[in-house]
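Asker: I have a structure here, written as structure tokens, and I will follow up with some questions on it.
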Amino acid sequence: DAGITQSPRHKVTETGTPVTLRCHQTENHRYMYWYRQDPGHGLRLIHYSYGVKDTDKGEVSDGYSVSRSKTEDFLLTLESATSSQTSVYFCAIRDGQGYTEAFFGQGTRLTVV
Amino acid sequence: QKEVEQNSGPLSVPEGAIASLNCTYSDRGSQSFFWYRQYSGKSPELIMFIYSNGDKEDGRFTAQLNKASQYVSLLIRDSQPSDSATYLCAVNEAAGNKLTFGGGTRVLVKP
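Chains as they are written, first to last, in the numbering used here: chain A, 21 to 133; chain B, 23 to 133.
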């Protein structure tokens, strides 16, 4: 299995609080992605990173920010959590672009009450 | 916005039959295409990828790509109950390294 770990695995938080999810990899892969998965929507890209301090937005980036200060860590922050951000969040890593496979973490189930 | 479309299903097939899954995409310049399988409560895992027009076979799985018509399909031969899962189509955009997923097709293989 690819060395990718998400933390926490489960979290319940209150509306309006900030939340940070962590993705840690031991593969030294350049590309890292954050997706959310909701019933009927597959995986939707939130943000991704193509190197240390290099990030770009995905299709559902509003209300989320990311940071990558080290190759191995990619943090996703919900600045002020809302109930619509209740979801399962997956991190993925990829060695190169284009023709390479993305490996996924175990997922984080986030509930905003 | 680039789109990847799949029929949500469920696609119900008897054991031993062929399951046929389809995926269409909007970015005509897309170069590479992936099929992932996801069991309930688990992470997606790669089944196979394809980037040339035509067929690519791997065991019981065959991916088919038609760039002119902008669709990619997955055939599962001799379907087994263990193939019951959601299958996700993913497309790498022409420019850059965004990987866009479809909504997934749920497959149920009945003994």
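The beta-carbon is built from N, C-alpha and C at its ideal position, and this holds for glycine as well.
Quick caveat, the model's predicted, so the values are computed rather than measured.
(1) Note down the Cα distance separating B:PHE123 from A:TYR55, rounded to an integer number of angstroms.
(2) Could you pull the start and end residues of the beta strand (DSSP E) that B:GLY76 belongs to?
(3) Look at the alpha carbon of B:PHE71 and the alpha carbon of B:ILE98, and state the distance between them as a whole number of angstroms.
(4) What does B:THR122 reach in chain A if we use C-beta pairs closer than 7 Å?
(5) Looking at B:SER62 and B:LEU130, is the spacing between their C-beta atoms short of 8 Å?
(6) Shorter than 8 Å from the beta carbon of A:PHE94 to some beta carbon of chain B?
(7) So A:GLN16 contacts chain B; which residues on that side make the cut at Cβ distance below 9 Å?
(8) What residues from chain A crowd round B:SER54, counting only those whose CB sits closer than 8 Å?
(9) If we count the other Cβ atoms within 10 Å of its Cβ and call it buried at 16 or more, is B:PRO133 buried or exposed?
(10) Helix, strand or coil for B:SER42, going by three-state DSSP, please let me know.
Answerer: Quick answer:
(1) The C-alpha of B:PHE123 lies about 10 Å from the C-alpha of A:TYR55.
(2) Taken as a continuous stretch (DSSP letters only), the beta strand (DSSP E) holding B:GLY76 covers 76-80.
(3) Linking B:PHE71 to B:ILE98 through their CA atoms gives a straight-line distance of about 14 Å.
(4) The contacting residues are LEU65.
(5) It is not a contact, given that the beta carbons lie outside the stated cut-off.
(6) Not closer than 8 Å to any Cβ of chain B, the Cβ of A:PHE94 fails to qualify, so no.
(7) Chain A is shown from 21 up to 133; residue 16 of chain A falls before or after that span and cannot be answered.
(8) Here the neighbours are GLY118 and TYR119.
(9) Classification of B:PRO133: exposed, given that the 10 Å Cβ count is below 16.
(10) DSSP places B:SER42 in the strand class (E or B) of the three-state scheme.
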